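So the protein sequences, as listed, match chains F and B.
Numbered per our numbering, the first sequence spans residues 1 to 328.
Numbered per our numbering, the second sequence spans residues 329 to 662.
For glycine and all other residues, C-beta sits at the position ideal for the given N, C-alpha and C.
None of the values given here were measured: they were computed from a predicted structure.
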Amino acid sequence: MATSLITYRECLKQAIREALQGDERVFLMGEDVGHYGGAFAVSKGLLQEFGPERIMDTPLSEAGFTGAGIGAALGGMRPIVEIMTINFSLLALDQIANNAATLLHMSGGQLNVPLVIRMSAGIGRQLAAQHSHSWEPLFAHLPGLRVLSVGTHEDARYMLAPALLDPDPVIIFEYTSMLNLEQELQPVEGGVDISKAKIRREGKDISIITYGTGVYKALEAAAELAAAGIEAEVVDLRVLRPLDDETILASVTKTSRAIIVEDASRSVSVSSEVSARITENCFYDLDAPVQRLCGAEVPIPYPKHLEDAAVPQPAQIVSAIKKLLQHA
Amino acid sequence: MAKKGTKTKTTAPLAPELAQKLLYQMLLIRRFEEKAAEMYTKTKIRGFLHLYIGEEAVAVGVMQALRPQDNVLGTYREHGHALVRGLEPNVIMAEMYGRQEGYCRGRGGSMHLFDAKRKFFGGNAIVAGHLALAVGLALADKKMQRNQLTCCFFGEGAMAEGAFHEAMNLAALWQVPVLFVCENNLYAMGTALRYTHAQTDLTLKGAAYGITAAAVDGMDLQAVMEAANTAAATVRKTGKPYFLVCNTYRFRAHSMFDAELYRDKAEVEEWKQRDPIPAFSNTLLQQQLLAEADLQALEARVNEEVQQAIDFAESCSWEPVEEMSRFTYSEKKT
Ligand SMILES: Cc1ncc(C[n+]2csc(CCOP(=O)(O)OP(=O)(O)O)c2C)c(N)n1
Chain F
1 MATSLITYRE
11 CLKQAIREAL
21 QGDERVFLMG
31 EDVGHYGGAF
41 AVSKGLLQEF
51 GPERIMDTPL
61 SEAGFTGAGI
71 GAALGGMRPI
81 VEIMTINFSL
91 LALDQIANNA
101 ATLLHMSGGQ
111 LNVPLVIRMS
121 AGIGRQLAAQ
131 HSHSWEPLFA
141 HLPGLRVLSV
151 GTHEDARYML
161 APALLDPDPV
171 IIFEYTSMLN
181 LEQELQPVEG
191 GVDISKAKIR
201 REGKDISIIT
211 YGTGVYKALE
221 AAAELAAAGI
231 EAEVVDLRVL
241 RPLDDETILA
251 SVTKTSRAII
261 VEDASRSVSV
271 SSEVSARITE
281 NCFYDLDAPV
291 QRLCGAEVPI
301 PYPKHLEDAA
311 VPQPAQIVSA
321 IKKLLQHA
Chain B
329 MAKKGTKTKT
339 TAPLAPELAQ
349 KLLYQMLLIR
359 RFEEKAAEMY
369 TKTKIRGFLH
379 LYIGEEAVAV
389 GVMQALRPQD
399 NVLGTYREHG
409 HALVRGLEPN
419 VIMAEMYGRQ
429 EGYCRGRGGS
439 MHLFDAKRKF
449 FGGNAIVAGH
459 LALAVGLALA
469 DKKMQRNQLT
479 CCFFGEGAMA
489 EGAFHEAMNL
499 AALWQVPVLF
509 VCENNLYAMG
519 TALRYTHAQT
529 DLTLKGAAYG
539 ITAAAVDGMD
549 LQAVMEAANT
559 AAATVRKTGK
569 PYFLVCNTYR
579 FRAHSMFDAE
589 LYRDKAEVEE
599 WKQRDPIPAF
609 SNTLLQQQLL
619 AEADLQALEA
629 RVNEEVQQAI
639 DFAESCSWEP
649 VEEMSRFTYS
659 EKKT
């Protein structure tokens, strides 16, 4: 049977359409989601399909409309706030950190905020230092948020529904560089679990722990390593907060080696946290020190060769793992 | 306090050299950007590329009112402003190619042109992020008792950001010499003015902070010049901020990733009838400040300069990877 291919963009769009169809309280708002068709064409056609009440173009007012999304969620709606890109999310970070993330706890459990905030993220389109950010760690730092990273087509298609069912604020990172990528997609009955990491490939020699754009890179590296007789396991974190310790630690206990891969710069990152938890919890199961491949500690430069050099590439994952296994 | 002024007036003829210089500047922007768009499709330039085509009279008309010691800040749609400020076309193009001979070693590209020597402070790609910088630059000038102004360009979309309102209030509160220039091209990406502003008379937003505000037809070079001269003279005399709205239109897409679903082709064509370049050159021809032959010579000169910029950029080199970390922190400790 011919399997059909679907783009990451189309997965995201189907998820939004399904959410709008399934619950009248759901609406999408953000900059250029309507008339423009979405900055990256994710919401193209949805304005025509659902009308301006449910597909709301906002002015350039990230703090304002994100705060309004929090308010609307308090008022009983189920808003999907789209922040055009993670680069502009800092203008809304006060609302996210000081309101969305705190209200439930600060109100002694009275006020929960059932809000989904989607934003496109990532490095790799030569957009230079103000438009190339992997700031997932900033958000993963904040108690009160659930932080999701969409590293596969499956999650692009199926993460939104459970996120909208969550009584608390959920941040979803989507990756612009993957939008046109085509993959097969298997239907997932009942949606995906947004509390668990997922093993994307099984292996016994080393765990490659990653998220976001790292997932397909790690799978590519694992395939190449397999040809060299090395069986790498690929752990897609998916949920950057709260981290799924169980899956991470089980994988590392099995393989005895771990390398963590992320585009974010190295210091005080998701990989720092995962590395700490591995060492805290399964130090005596390790055959080698935990390794990390991270983004360079620089604002991202525009030219392709420097941008490529600023984030880990599959070839580096392969060589780092070969080196690690030789030394082990 | 807000003055309405979108009508074209009959204006006194300009001195011939000045007239030709201004026409040259507008033409240079136009041809430079047409070439840049071509080089984008040839993948020589990557990332985002925002063209200013159609809006040339604004940068040219405002910038002639500035002095070399004044500060200038622009957005990501700043090639035109950079060219008029006197940044070299060759070096700008090298930057857009990402080559190390560019103004920022190729690290910034199209959206981030900076030239400290010419007091050109970008090239800022977070909408409205540079307005507060303008206030600060002017504050420093005021504290150091330097008699100069700071000119800050931004789009009408930026005026919906909190940062705009904070900057306007600070500038008025602290009485600092900033010339705020709103380039109202009616669209913020694909979102029309009426969908982004409840109050579409933009001058009122300056007036609300007690800032003198005026609007001008941004397709009419001489009207922009007059408005800018008045504005700059007022800022210099009073040391206070001034808000100038230039009503204009971008003929091209927002960036190279824009399918332009949000506006009619007919609307674009209508605005193209008001193209500032033929409008100005026709006036000059009529006033006999320019002959047909001069116009052709000007075109030839501009085309040659643009070709030189391409040749130069092509000949330039890449910054070595080993240098990537440089300037994350200052190299000299002062
Ligand atoms: C804070 C922020 N939000 C969103 C964007 C994405 N963006 C870039 S340009 C733009 C439209 C800006 O419109 P306007 O200020 O009118 O300037 P124009 O592009 O029309 O010159 C948008 C939404 C951004 N760069 N920064």
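Which ranges does the alpha helix (DSSP H) cover as unbroken runs of at least 4 residues, wholly within the segment 369-457 of chain B, from first to last along the chain? 384-391, 407-413, 417-424
Distance check for His409 (chain B) and Pro341 (chain B), CA to CA, integer angstroms please. 24 Å
Would you please verify whether the beta carbon of Ser149 (chain F) is less than 8 Å from any beta carbon of chain B? no
Below-8 Å beta-carbon distance, Thr336 (chain B) vs any chain F residue: With a pLDDT of 47 at Thr336 (chain B), under the threshold of 50, the predicted position of this residue should be treated as unreliable, and no value is reported.
Residue range of the beta strand (DSSP E) that Asn281 (chain F) falls in? Segment 270-282 is the alpha helix (DSSP H) holding Asn281 (chain F); no beta strand (DSSP E) there.
Between Lys323 (chain F) and Ile357 (chain B), what straight-line distance do the alpha-carbon atoms span, to the nearest angstrom? 53 Å
Assuming Leu572 (chain B) contacts Ala556 (chain B) under a Cβ cut-off of 8 Å, what Cβ separation, rounded to an integer in Å, is found between them? 7 Å
Check whether chain F comes within 8 Å of Leu589 (chain B), counting only Cβ atoms and requiring the distance to be less than that. yes
Give the DSSP bridge partners of Gly295 (chain F), in chain order. F:Ser265
Residue-level contact to chain F via CB, Ser645 (chain B), 8 Å cutoff: no
When the Cα atoms are used, what is the spatial distance from Gly434 (chain B) to Val386 (chain B)? 27 Å
Quick check: the Cα distance between Ser256 (chain F) and Glu494 (chain B), rounded to an integer number of angstroms? 54 Å
The alpha helix (DSSP H) spanning Lys470 (chain B) covers which residue range? 459-471
By Cβ distance below 8 Å, which residues in the same chain neighbour Leu249 (chain F) in space, the five residues on each side in sequence not counted? Arg277, Ile278, Asn281, Cys282
Could you give the first and the last residue of the continuous beta strand (DSSP E) run that contains Asp545 (chain B)? 540-545
Do the segment 370-379 of chain B and the segment 565-584 of chain B touch if we need at least three Cβ pairs shorter than 8 Å? yes
Measuring CB to CB, does Leu477 (chain B) end up less than 8 Å from Asp545 (chain B)? no
Does the distance from the C-beta atom of Gly450 (chain B) to that of His440 (chain B) stay below 8 Å? yes
Answer yes or no: do Ala536 (chain B) and Ala491 (chain B) have a C-beta to C-beta separation smaller than 8 Å? no
Residues of chain B with a CB under 8 Å from the CB of Lys304 (chain F): which are they? Arg374, Gly426
Run through DSSP, which three-state label would Asn180 (chain F) get? coil
For ligand 1, any of its heavy atoms closer than 7 Å to the Cβ of Glu406 (chain B)? no
For a cutoff of 8 Å on Cβ pairs, would you count Pro79 (chain F) as touching chain B? no
At 3 residues or longer, what runs of the beta strand (DSSP E) sit wholly inside the segment 175-248 of chain F? 182-184, 198-201, 206-210, 232-236, 239-241
Classify Thr85 (chain F) as helix, strand or coil using the three-state DSSP reduction. strand
Cβ pair His133 (chain F), Ala453 (chain B) closer than 8 Å: no
For Ala637 (chain B) and Phe360 (chain B), I'd like the C-alpha separation in whole angstroms. 9 Å
On the CB-based measure, 16 or more other CB atoms within 10 Å of its CB, does Thr176 (chain F) come out buried or exposed? buried
What residues of chain B sit near Gln126 (chain F), judged by a beta carbon separation below 8 Å? Arg374, Gly375, Gly426, Gly437
May I ask you to list the residues that DSSP assigns as paired with Phe508 (chain B)? B:Cys480, B:Phe571
For Tyr523 (chain B), decide whether its Cβ has a neighbour in chain F, counting only Cβ atoms nearer than 8 Å. yes
Can you name the residues that DSSP bridges to Pro79 (chain F)? F:Phe27
Could you tell me whether any non-hydrogen atom of ligand 1 is closer than 7 Å to the CB of Tyr577 (chain B)? no
What residues of chain B sit near Asp32 (chain F), judged by a beta carbon separation below 7 Å? Met517, Gly518, Thr519
Using CA coordinates, which residue listed in F:Val290, F:Ala315, F:Lys217, F:His141 is at the minimum distance from Ala258 (chain F)? F:Val290
If the cut-off is 8 Å on Cβ atoms, which residues from the segment 89-110 of chain F count as contacting chain B, listed in chain order? Leu91
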